[in-house]
Structures are given as C-alpha cells and as structure tokens.
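Asker: Below: one structure in structure tokens.
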Amino acid sequence: MHKILIVDDNFENRMLLAEILREIAVCDFAATGKEAIEAYNLSTQRQSAYSLILLDIELPEVNGLEILHRIRESEKAAGIALGDGVPIIIVTAYEKRFVEAFNKGCDDYVLKPIDTDILLTKIAAILEKNETA
Amino acid sequence: MYNDDSSSISIDVKQVSEELRIRPEIYLKITISFVNSLSGKLKILSDAMSSNDRDQMRMTLHEIKGTAGNLRLRNLSAVESVMHDAVKAGEPQSRLTSYFEALRRESEKLQQYMNTLTRNN
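Chains P and S are the protein sequences, given in the same order.
Residues 1 to 133 in my numbering are what the first sequence spells out, letter by letter.
Residues 1001 to 1121 in my numbering are what the second sequence spells out, letter by letter.
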C-alpha cells in the first residue's frame, strides 16, 4: 500500500478522496496549510515519506501554492533534485492557477469536481514512474 | 438566472457511487455529513452578506461549490453557481439576497430529501 497525504480544508472532500483511494493507499489528512507542512516534516523526519500528496490550493493559514513552494525549497535544501521529491498533484477548481502551480513544482493537477478515472490514472502514472525510477 | 421551479431533487446513489467508484453507503454518509454542514455554511454566508464581506462570500461559496460538485449534487451546484458568479461580478446586495434565498431553499430541499432517503434505506 502507498501512503498518501490528502490536504483539503473540507472534511467531506478528504473523506471522498480517501474512499476513492482505499484500494491503493493508506491516507493521512491535513485540513490546513500548517497541518500539511507539519505532516510533511514529520514524514521526512521519520523517513517514511509520502508516495504522493494531493494538495488543494484554497486553504486557511497557508495556501496550497505556498505549501508547494515550501516543500520544494525544503527538498532543495536537502539536496533533492527537482523531480526527485515527493510527487504533488494539485486538486482544485481554480483552472487559472495551474501555470503558477507548475512553476512552483507540482507534478500534475486534477480539476474539481473530481473525475475518479482521471484522478486514478494520473496517480497510477506517477506512482509507476517513481517505482521504476 | 436560477429558475426556482421547485423541481424535485433526485440522487441516484448507485449511479453516482459507480461513477465515483466508491461504496454507496460511504457516498450516503459523506453526503449526509455535507448536507448537515450546510446550515453552518449558510450562516457564515449570511453574516458575510450583512457585512458585505465579498472575500468571505467567495470563500464560502467556493467551498460549497467544490463539495457539491464532487458529490454530484447538481441542483445545489447550479444555484450556488448563480450566486458565485454574481458575487464575482460585483452585483448589488439586493440581487445577492435573492440568490441567497434560492440557495437556502435548495439546501432545505436537499436536507429533506436526504432525510427521506435515509429513512427509506
């Protein structure tokens, strides 16, 4: 089983994503940007890195793009090359912010409302790529 | 423009669950949880309207939009979308009030529908 961090401030969206992923992953949850960064830091300290992070953009405290930026900066400081860090898929209704998200180092995006087939296909592609790398 | 024709709500739990590839009983649990949370969200929206806080209105509507869309609650999504567009376009408060009332009525209908659905299951 993979380990996936779901970052979304809405309880029902977190539950829905976890249910969609139930056959491929064990999920952790973060409802705020602060919780997301804490979960990420904890996973790296314990050397049990996430296989993937699903990241909403619109979040209280610290928004998703800032989280993305901080994670990539943290990886850079640890000597992890761009593309070798934790895969991050942006999950959002804000189509206009994808360019910014890609510039900050996201691996892919999924639009809300969630299309399960698209989501699972994108996740499978990323996990497969990482397993063969 | 939202047409409040009191159309009946119908959710095909089996079909939506298959589309989302989740278990029907979990779909119901998640949807009930969301519907129960709507009154709180509408209170936040109402307060934001009273203080003409458009950022808060946008944030609350965005949250309703995201989850309603994910759960394929199409009637609610449609009503939300009208108000969301109006807020973004800077429409006057009087218009927003009527859209808010439509949203509140749709939420109540959805709540009643879910109550009936869960009683019958």
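Note that CB positions come from ideal geometry on N, CA and C, so glycine has one too.
The structure displayed is predicted, hence computed values, not measured ones.
Just grab the DSSP bridge partners of Ala25(P) for me.
Answerer: Stepping through the first sequence from its first residue, residue 25(P) is reached at position 25. In the DSSP output, where bridge partners are listed per residue, Ala25(P) has His2(P).
Asker: For Leu17(P), which of Asn130(P), Lys129(P), Ile114(P) has the nearest alpha-carbon?
Answerer: On the first sequence, position 17 is the one that residue 17(P) refers to. Here the closest residue by C-alpha is Ile114(P).
Asker: Answer with buried or exposed for Ser1050(S), where buried requires no fewer than 16 other C-beta atoms within 10 angstroms of its C-beta.
Answerer: In the second sequence, the residue the question calls residue 1050(S) occupies position 50. Exposed is the call here.
Asker: Hey, Leu59(P) and Gly33(P): beta-carbon distance below 7 Å or not?
Answerer: Within the first sequence, numbered from 1, the residue matching residue 59(P) stands at position 59. Within the first sequence, numbered from 1, the residue matching residue 33(P) stands at position 33. The criterion of a C-beta distance shorter than 7 Å is satisfied by Leu59(P) and Gly33(P).
Asker: Would you mind stating whether Leu1110(S) and Leu1061(S) have Cβ atoms separated by less than 7 Å?
Answerer: By one-based count along the second sequence, residue 1110(S) stands at place 110. By one-based count along the second sequence, residue 1061(S) stands at place 61. Cβ atoms of Leu1110(S) and Leu1061(S): not closer than 7 Å.
Asker: When you compare the segment 1094-1101 of chain S with the segment 113-132 of chain P, are there three or more beta-carbon pairs, one atom per stretch, that lie closer than 8 Å?
Answerer: The segment 1094-1101 of chain S is not in contact with the segment 113-132 of chain P.
Asker: Could you tell me the distance, in whole angstroms, from the CA atom of Arg1095(S) to the CA atom of Met1083(S)?
Answerer: Residue 1095(S) sits at position 95 when you count from the first residue of the second sequence. Residue 1083(S) sits at position 83 when you count from the first residue of the second sequence. Cα-Cα distance, rounded: 9 Å.
Asker: Comparing the C-beta of Gly1069(S) with each C-beta of chain P, is any distance below 7 Å?
Answerer: As a first step, residue 1069(S) must be located in the second sequence, where it is residue number 69. With 7 Å as the cut-off, Gly1069(S) counts as an interface residue toward chain P.
Asker: Run through chain P and tell me which residues come within less than 7 Å of Lys1065(S), C-beta to C-beta.
Answerer: Here residue 1065(S) refers to the residue found at position 65 of the second sequence. The answer, in chain order, is Ala93.
Asker: When you compare the CB positions of Thr1116(S) and Leu1071(S), do they come within less than 7 Å of one another, or not?
Answerer: In the second sequence, counting from the first residue as 1, residue 1116(S) sits at position 116. In the second sequence, counting from the first residue as 1, residue 1071(S) sits at position 71. Contact annotation: Thr1116(S) and Leu1071(S) have beta-carbon atoms that are not nearer than 7 Å.
Asker: Would you mind telling me which residues of chain S sit closer than 7 Å to Asn13(P), beta carbon to beta carbon, in chain order?
Answerer: On the first sequence, position 13 is the one that residue 13(P) refers to. For the C-beta of Asn13(P), the chain S residues within less than 7 Å are, from N- to C-terminus, Gly1066, Thr1067, Asn1070.
Asker: In terms of alpha-carbon separation, which member of Pro87(P), Tyr40(P), Asn13(P), Tyr109(P) lies closest to Lys96(P)?
Answerer: To locate residue 96(P), count along the first sequence from 1; it is residue 96. Selected option, being the one with the closest Cα: Tyr109(P).
Asker: Quick one: Cα of Ile66(P) to Cα of Arg1119(S), how far?
Answerer: Against the first sequence, residue 66(P) aligns to sequence position 66. Against the second sequence, residue 1119(S) aligns to sequence position 119. The question names Ile, but residue 66(P) in the sequence shown is Glu. Approximately 44 Å, taken between the alpha carbons.
Asker: Kindly indicate which residue of Ser1081(S), Arg1021(S), Lys1014(S) has the alpha-carbon position closest to the one of Leu119(P).
Answerer: Here the question's residue 119(P) lines up with position 119 in the first sequence. Measuring from the Cα of Leu119(P), the nearest candidate turns out to be Arg1021(S).
Asker: Compare the Cα-Cα distances from Ala101(P) to each of Thr44(P), Asp28(P), Asn41(P), Ile71(P) and report the closest residue.
Answerer: Within the first sequence, the letter at position 101 stands for residue 101(P). When only C-alpha atoms are compared, the closest one is Ile71(P).
Asker: Assign Ser1006(S) to one of two classes, buried (16 or more other C-beta atoms within 10 Å of its C-beta) or exposed (fewer than that).
Answerer: By one-based count along the second sequence, residue 1006(S) stands at place 6. Note that Ser1006(S) has pLDDT 40, beneath the 50 cutoff, so the model's placement of it is unreliable and no number is given.
Asker: Rounded to whole angstroms, what's the CA-CA distance from Met15(P) to Phe98(P)? Just pull it up for me.
Answerer: Start at 1 with the first residue of the first sequence, and residue 15(P) comes out as number 15. Start at 1 with the first residue of the first sequence, and residue 98(P) comes out as number 98. The straight-line gap from Cα to Cα measures roughly 24 Å.
Asker: Please report whether the beta-carbon of Ser1039(S) lies at a distance below 7 Å from any beta-carbon of chain P.
Answerer: Working through the second sequence from its first residue, we reach residue 1039(S) at position 39. Residue contact with chain P for Ser1039(S): absent (no Cβ-Cβ distance below 7 Å to any residue of chain P).
Asker: Along the segment 1019-1039 of chain S, what residues have a CB closer than 9 Å to any CB found in chain P?
Answerer: Glu1019, Leu1020, Arg1021, Ile1022, Arg1023, Ile1026, Tyr1027, Lys1029, Ile1030, Thr1031, Ser1033, Phe1034, Ser1037
Asker: Please state if the CB of Ile88(P) and the CB of Cys106(P) are separated by a distance shorter than 7 Å.
Answerer: The residue you call residue 106(P) lines up with position 106 of the first sequence. The residue you call residue 88(P) lines up with position 88 of the first sequence. It is a contact, given that the beta carbons lie within the stated cut-off.
Asker: Going by CA-CA distance only, name the one from Asn1052(S), Asn1036(S), Gly1090(S) that's closest to Gly1104(S).
Answerer: Walking along the second sequence from the start, residue 1104(S) turns up at place 104. The sequence shown places Arg at residue 1104(S), not Gly. Ranking the options by Cα distance to Arg1104(S), first place goes to Asn1036(S).
Asker: What did DSSP end up calling Asp1047(S) once you bin it into helix, strand or coil?
Answerer: On the second sequence, position 47 is the one that residue 1047(S) refers to. Asp1047(S) falls in the helix class under three-state DSSP.
Asker: Here's the rule I'm using: 16 or more other beta-carbon atoms within 10 Å means buried, otherwise exposed. How should Asp1055(S) be labelled?
Answerer: Numbered from its first residue, the second sequence carries residue 1055(S) at position 55. When all chains shown are included, Asp1055(S) counts as exposed.
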